[in-house]
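A.B. asks:
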Amino acid sequence: MSFYKNTIPTFRGIASSAINVLTVAKEEQSKNEALPSDEEILNSQFGDMLPFRAQPIILAKFQLGPLENTKPSAKSPSLDPASFKSLDDVINFFKQLVAVIDSVDEKAWNESAQSSLDIVVVNKPLKLTAIEDHVTSFVIPNSYFHLNAMYMLLRMNGFNLGKQAYINPFMSEQARKDWTQLKG
Numbered sequence: 007m008s009f010y011k012n013t014i015p016t017f018r019g020i021a022s023s024a025i026n027v028l029t030v031a032k033e034e035q036s037k038n039e040a041l042p043s044d045e046e047i048l049n050s051q052f053g054d055m056l057p058f059r060a061q062p063i064i065l066a067k068f069q070l071g072p073l074e075n076t077k078p079s080a081k082s083p084s085l086d087p088a089s090f091k092s093l094d095d096v097i098n099f100f101k102q103l104v105a106v107i108d109s110v111d112e113k114a115w116n117e118s119a120q121s122s123l124d125i126v127v128v129n130k131p132l133k134l135t136a137i138e139d140h141v142t143s144f145v146i147p148n149s150y151f152h153l154n155a156m157y158m159l160l161r162m163n164g165f166n167l168g169k170q171a172y173i174n175p176f177m178s179e180q181a182r183k184d185w186t187q188l189k190g
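Per the numbering used here, the sequence shown runs over residues 7 to 190.
#1: Do serine 82 and leucine 65 count as a contact pair if the criterion is CB distance below 7 angstroms?
#2: Give the straight-line distance between the Cα atoms of alanine 88 and leucine 188, rounded to the nearest whole angstrom.
#3: Below 8 angstroms on the Cβ atoms is my guess for serine 23 versus phenylalanine 176; work out the distance and round it to an integer in Å.
#4: Below 6 angstroms CB to CB, which residues in the same chain sit around threonine 186 once its five sequence neighbours on both sides are set aside?
#5: Is the region 109–124 touching the region 134–153, taking contact as three or more C-beta pairs under 8 angstroms?
#6: In three-state terms, what does DSSP make of aspartate 124?
#7: Are proline 62 and asparagine 163 touching if we call contact CB-CB under 7 angstroms?
#8: Is the CB-CB distance between leucine 73 and valine 110 below 7 angstroms?
#9: Using CA atoms only, rank isn't needed, just tell me which of Gln102, Leu160, Asn129 is closest to arginine 18.
#10: Where do the ends of the beta strand (DSSP E) carrying proline 57 lie?
#11: Which whole-angstrom value is the C-beta distance of valine 27 and tyrosine 172, which I expect to be below 8 angstroms?
#12: Out of Ala155, Gln170, His152, Leu93, point me to the one whose CA is closest to glutamate 33's CA.
Below is the structure:
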């Protein structure tokens, strides 16, 4: 399987899952005044972790580093956590990220797999030997971590998000059809 097929659908699934989880949370919030406000959600955090509003930025920053190496045609979202004033802002952020992911040229992405990449992490330069190794061993697990942090912060704040809100965006049409057998 190509580098593109191993990674780009995963990036898209992660961003789409974030959109779906946040959309379901917004719908629930509109029906339940006891749930926290958008501002309270955006500022919520676990212990010493960065707040909710930072999680999408971190997730996207590590995906965009290697993606921008191939010069995608879509414009990258702003990486300023202060730009988030509502859950709608976060949803739109992830929609912009999906547009970038979808604009990556498959051939260019595959050809970039063994290219080196220079990134900055915690204000320090880091030279990575190969984009493919960086994406598969760090970016994808890191993206899941920050997606899960957002999901769990919402759950911790009283949202009744089910597993389907999280996993449906990853499922193919065929998988969805197969699983409908259990719905009766």
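All C-beta atoms, glycine included, are put in the ideal place defined by N, C-alpha and C.
C.D. replies: Working from what's here:
#1: Residue numbering aside, residue 65 sits at position 59 when the sequence shown is read from its first letter. Residue numbering aside, residue 82 sits at position 76 when the sequence shown is read from its first letter. Not a contact, by the Cβ cut-off of 7 angstroms.
#2: Within the sequence shown, the letter at position 82 stands for residue 88. Within the sequence shown, the letter at position 182 stands for residue 188. A straight line joining the alpha-carbon of alanine 88 with that of leucine 188 spans about 43 angstroms.
#3: In the sequence shown, the residue the question calls residue 23 occupies position 17. In the sequence shown, the residue the question calls residue 176 occupies position 170. That pair is a contact at about 6 angstroms.
#4: Numbered from its first residue, the sequence shown carries residue 186 at position 180. Answer for threonine 186: no residue qualifies.
#5: yes
#6: Residue mapping note: residue 124 aligns to position 118 of the sequence shown, counting from 1. In this structure, aspartate 124 counts as strand in the three-state DSSP scheme.
#7: The count along the sequence shown starts at 1 and reaches residue 62 at position 56. The count along the sequence shown starts at 1 and reaches residue 163 at position 157. It is not a contact, given that the beta carbons lie outside the stated cut-off.
#8: Position 67 of the sequence shown holds residue 73. Position 104 of the sequence shown holds residue 110. The answer is yes: Cβ separation under 7 angstroms.
#9: Sequence index remark: in the sequence shown, residue 18 carries index 12 (1-based). Closest in C-alpha terms to arginine 18, from the list Gln102, Leu160, Asn129, comes Gln102.
#10: Locating residue 57 in the sequence shown gives position 51, where the first residue counts as 1. No beta strand (DSSP E) contains proline 57, which DSSP labels as neither H nor E.
#11: Start at 1 with the first residue of the sequence shown, and residue 27 comes out as number 21. Start at 1 with the first residue of the sequence shown, and residue 172 comes out as number 166. Between tyrosine 172 and valine 27 the Cβ distance is about 6 angstroms, and since that is below 8 angstroms, they are a contact.
#12: For the purposes of this step, residue 33 is taken as the residue at position 27 of the sequence shown. Cα-wise, what sits closest to glutamate 33 is Leu93.
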